[in-house]
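Undergrad: Residue numbers (my numbering), protein chains in the order written: chain A, 13 to 358; chain B, 112 to 415. I am attaching a structure below and will ask some questions about it afterwards.
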């Protein structure tokens, strides 16, 4: 199985404009599930389309299996792609959709039936082969798209927001199915999404992109616990990380680490006075938003995410605290992560 | 609140029938007076012995149809109408497909090229055809001149574009194509842009080349709109008399005679209104069947 690599990969759509993708260096390991995560317009889909061969890079190189594939057509790259809209062929039955890549790649005819049945059973759609795409539910369409992608046994799988057309309930089960599917086939997979929960749940590694630039590449734990800059810090996590400016340094802490002082077991902690302005009860937890009171951070808006146990009143000021080790430090000017340092809180 | 809405609704309902009638009555009048009435008269005349200048009118049953079916001119005209229509449709479909593919992707001056391609459709048929009559003229033909200059034909025996049977048929087909290609191209262009762009992209990722994508993906997805283009093209060609009337008037020796032109020459120029009516009514059932078939194809493809 091939490893995908990009070297200084750049795409500029209009000359003189900022690139949609700027000098992306990336090495994807064999069998890995890599997620491109970013808001819309971050260049994640453009990057994927360059790897697929649908888009030609302005500069830089793409390697698949150690070979430069810049000038190869999509069919020569041995990749498979699942589109956001699934792009099933509406006039063809499910069987003919799945067999299409085999026909197009001149796989001997006597193998077609066997391969289609293998792919269909892998995705549990053996009973749907005679249907037309319009007769399928969203989840079934997605499985047909996956079957059409897997049937040619590609070197790399490219998935472009495959879950975003499903409703919330279906999305969760489809996500689990995708994870199971990846574990079973073990094909190197690149998955594009703007949904940080999907990225955290599925990715072996996550590459966070913004405005065509790679902000951070790491495991879900690394990007969540140790964000490289304030963009990554606020893009991952819901509600996002609290950021408080102290002159040239910006302090960040996650809402779930901002708790009643008496609940913070760590001895090394930073106390805050927190006036609650709004309480959202979400069943399993509270989301409190309010203002810090006193000290240098007076009047800064923060959010806390708390387990049930206490009750909180709007307008009341509580003693809250953050464990020292959960504080993140960023340079206010560059927004980049900096080493921890002592802060005069008062 | 509910009462208020109900009141407004009833006021609207009281107004709208009159307004509605006023809005669509011009269209109804137009259809009834200029299409419906002549059509009914034609059916009526087809079963009578009406002649120009005669005030006698008798019902003669199917006599007119029997007599036109025996006429060699009529049989030749039916054959020609079918040949012209089918040949023109095939050529038009191929050419407009190529044009629509070429015009789909943006390039410098695409708007201007699209405008040029649409011009034949905008120009009046008769003017365009008169232009072609000159282009194909036996003495002044620019095509002949060009072919002589290139050394393809002998200057002493130049081709008679409108005077030899085979060439005259080819010329009529050519002019029909020239007239229909713009319309067909615009329709196919619309059909092509209506295909979501991920679908041909998925096909290219699946390994399909240009031809496979064209014949197995794009064209099948365009069936509804293709059948509309073919339906309109068929009816335009079948019922058109301008091109033949101006270019050849059916000649030489009826070799390019078509039903509309025959109906005109027998019914109006030959004063035999009843025969003309019978000729022109003859194909209505056929055309209705063709239209019905095409619309069914379009509908089925759309549902899929």
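Every residue gets a Cβ at the ideal spot worked out from N, C-alpha and C, and that includes glycine. This structure is a prediction, so every number in the text was calculated from the model and none was measured.
Secondary structure at residue 182(B), three-state DSSP: helix, strand or coil?
TA: By one-based count along the second chain, residue 182(B) stands at place 71. Here residue 182(B) sits in coil by DSSP.
Undergrad: Where are the alpha helix (DSSP H) runs, 4 residues long or more, that stay fully inside the segment 212 to 295 of chain A, in chain order?
TA: 232 to 237 and 242 to 247
Undergrad: Is residue 178(B) near the ligand NAD - that is, is its Cβ less than 7 Å away from at least one heavy atom of it?
TA: For the ligand NAD, the structure offers nothing, since it holds no ligand at all.
Undergrad: Does any residue of chain B have a CB that is nearer than 8 Å to the CB of residue 93(A)?
TA: For the purposes of this step, residue 93(A) is identified with residue 81 of the first chain, where counting begins at 1. At least one chain B Cβ lies under 8 Å of residue 93(A).
Undergrad: Helix, strand or coil: which one does DSSP assign to residue 185(A)?
TA: Translated into positions along the first chain, residue 185(A) becomes position 173. Reduced to three states, the DSSP call for residue 185(A) is helix.
Undergrad: For a contact meaning CB atoms closer than 9 Å, what does residue 25(A) contact in chain B?
TA: For the purposes of this step, residue 25(A) is taken as the residue at position 13 of the first chain. Result: empty, since nearest Cβ-Cβ is about 13 Å, beyond 9 Å.
Undergrad: Quick one: using the 10 Å Cβ neighbour count with 16 as the cut-off for buried, is residue 129(B) buried or exposed?
TA: Position 18 of the second chain, counted from the start, is the residue given in the question as residue 129(B). Exposed is the call here.
Undergrad: Below 8 Å, can you find three or more Cβ-Cβ pairs linking the segment 54 to 73 of chain A to the segment 229 to 240 of chain A?
TA: no
Undergrad: Show which residues of chain B have a CB atom less than 8 Å away from the CB atom of residue 66(A).
TA: In the first chain, residue 66(A) corresponds to position 54, counting from 1. Here the neighbours are 312, 315 and 316.
Undergrad: Suppose you measure from the CA of residue 344(B) to the CA of residue 24(A); what does that come to, to the nearest Å?
TA: Mapped onto the second chain, residue 344(B) falls at position 233. Mapped onto the first chain, residue 24(A) falls at position 12. Whole-angstrom Cα-Cα distance: 44 Å.
Undergrad: Where do the N-terminal and C-terminal ends of the beta strand (DSSP E) with residue 19(A) fall, by residue?
TA: Taking the first chain and counting its residues from 1, one reaches residue 19(A) at position 7. 16 to 23 is the extent of the beta strand (DSSP E) around residue 19(A).
Undergrad: Just reading off the beta strand (DSSP E) that residue 271(B) is part of, what are its end residues?
TA: Position 160 of the second chain, counting from 1, holds the residue named residue 271(B). Residue 271(B) -> no beta strand (DSSP E), and no H or E assigned at all.
Undergrad: In terms of DSSP beta bridges, what is residue 335(A) paired with?
TA: In the first chain, residue 335(A) corresponds to position 323, counting from 1. Paired residue(s): 281(A).
Undergrad: Just checking, does the segment 195 to 215 of chain B make contact with the segment 283 to 297 of chain B on the three C-beta pairs under 8 Å criterion?
TA: Here the segment 195 to 215 of chain B makes contact with the segment 283 to 297 of chain B; the two share three or more CB pairs at distances below 8 Å.
Undergrad: Is the separation between the beta-carbon of residue 355(A) and that of residue 203(A) shorter than 8 Å?
TA: The sequence position of residue 355(A) within the first chain is 343, counting from 1. The sequence position of residue 203(A) within the first chain is 191, counting from 1. No, the Cβ-Cβ distance between residue 355(A) and residue 203(A) is not below 8 Å.
Undergrad: Label residue 31(A) either buried or exposed according to how many other C-beta atoms from any shown protein chain fall within 10 Å of its C-beta, with 16 as the threshold for buried.
TA: Position 19 of the first chain, counted from the first residue, corresponds to residue 31(A). Residue 31(A) is buried by the Cβ-count criterion.
Undergrad: Who are the neighbours of residue 342(A) on chain B, taking C-beta pairs under 8 Å?
TA: Locating residue 342(A) in the first chain gives position 330, counting from the first residue. Those within 8 Å of residue 342(A) in chain B number zero; the least Cβ separation is about 39 Å.
Undergrad: State yes or no: is the C-beta of residue 381(A) within less than 8 Å of the C-beta of residue 120(A)?
TA: Because chain A here runs from 13 to 358, residue 381(A) falls outside it and cannot be looked at.
Undergrad: Please state if the CB of residue 336(B) and the CB of residue 301(B) are separated by a distance shorter than 8 Å.
TA: For this step, residue 301(B) is matched to residue 190 along the second chain. For this step, residue 336(B) is matched to residue 225 along the second chain. Cβ atoms of residue 301(B) and residue 336(B): closer than 8 Å.
Undergrad: For residue 372(B), which three-state DSSP category applies?
TA: Position 261 of the second chain, counted from the first residue, corresponds to residue 372(B). The answer is helix: DSSP assigns residue 372(B) an H, G or I state.
Undergrad: DSSP state of residue 205(A), grouped into three classes?
TA: For the purposes of this step, residue 205(A) is taken as the residue at position 193 of the first chain. In this structure, residue 205(A) counts as strand in the three-state DSSP scheme.
Undergrad: May I ask you to list the residues that DSSP assigns as paired with residue 317(A)?
TA: Numbered from its first residue, the first chain carries residue 317(A) at position 305. 299(A).
Undergrad: By how many angstroms is the C-alpha of residue 62(A) removed from the C-alpha of residue 327(A)?
TA: Within the first chain, the letter at position 315 stands for residue 327(A). Within the first chain, the letter at position 50 stands for residue 62(A). If I take the Cα positions, the gap works out to 53 Å.
Undergrad: Per DSSP, residue 159(B) is paired with what?
TA: To locate residue 159(B), count along the second chain from 1; it is residue 48. 170(B), per the DSSP bridge assignment.
Undergrad: From what residue to what residue does the alpha helix (DSSP H) around residue 73(A) run?
TA: Along the first chain, read from residue 1 onward, the residue named residue 73(A) stands at position 61. It is not in any alpha helix (DSSP H) - residue 73(A) instead sits in the beta strand (DSSP E) that spans 71 to 76.
Undergrad: Just reading off the alpha helix (DSSP H) that residue 392(B) is part of, what are its end residues?
TA: Taking the second chain and counting its residues from 1, the one referred to as residue 392(B) is at position 281. Note, residue 392(B): alpha helix (DSSP H), 384 to 393.
Undergrad: Classify residue 109(A) as helix, strand or coil using the three-state DSSP reduction.
TA: The residue you call residue 109(A) lines up with position 97 of the first chain. Three-state DSSP puts residue 109(A) in a helix.
Undergrad: For residue 319(B), which residues in the same chain have their Cβ closer than 6 Å to its Cβ, ignoring the five residues on either side in sequence?
TA: Here residue 319(B) corresponds to residue number 208 of the second chain, with the count starting at 1. Closer than 6 Å at Cβ, skipping near neighbours: no residue.
Undergrad: Just checking: is the beta-carbon of residue 328(B) within a distance shorter than 8 Å of some beta-carbon in chain A?
TA: Here residue 328(B) refers to the residue found at position 217 of the second chain. It does: the Cβ of residue 328(B) has a partner Cβ on chain A nearer than 8 Å.
Undergrad: Give me the chain B residues within the contact set of residue 112(A), using Cβ-Cβ distance strictly less than 7 Å, ordered along the chain.
TA: As a first step, residue 112(A) is located in the first chain; it is residue number 100 there, counting from the start. Result: 317.
Undergrad: Can you pull out the residues from the segment 120 to 154 of chain A whose beta carbon lies closer than 9 Å to at least one beta carbon of chain B?
TA: 144 and 146
Undergrad: May I ask which residues mark the beginning and end of the beta strand (DSSP E) holding residue 152(A)?
TA: Position 140 of the first chain, counting from 1, holds the residue named residue 152(A). In the DSSP annotation of this structure, residue 152(A) is not part of any beta strand (DSSP E); the continuous alpha helix (DSSP H) holding it starts and ends at 150 to 162.
Undergrad: Can the beta-carbon of residue 334(A) be found less than 8 Å from the beta-carbon of residue 286(A)?
TA: Numbered from its first residue, the first chain carries residue 334(A) at position 322. Numbered from its first residue, the first chain carries residue 286(A) at position 274. No, Cβ-Cβ distance for residue 334(A) and residue 286(A) is not below 8 Å.
Undergrad: Taking Cβ positions only, does residue 333(A) come closer than 8 Å to chain B?
TA: Sequence index remark: in the first chain, residue 333(A) carries index 321 (1-based). Judged by the 8 Å Cβ criterion, residue 333(A) is not in contact with chain B.
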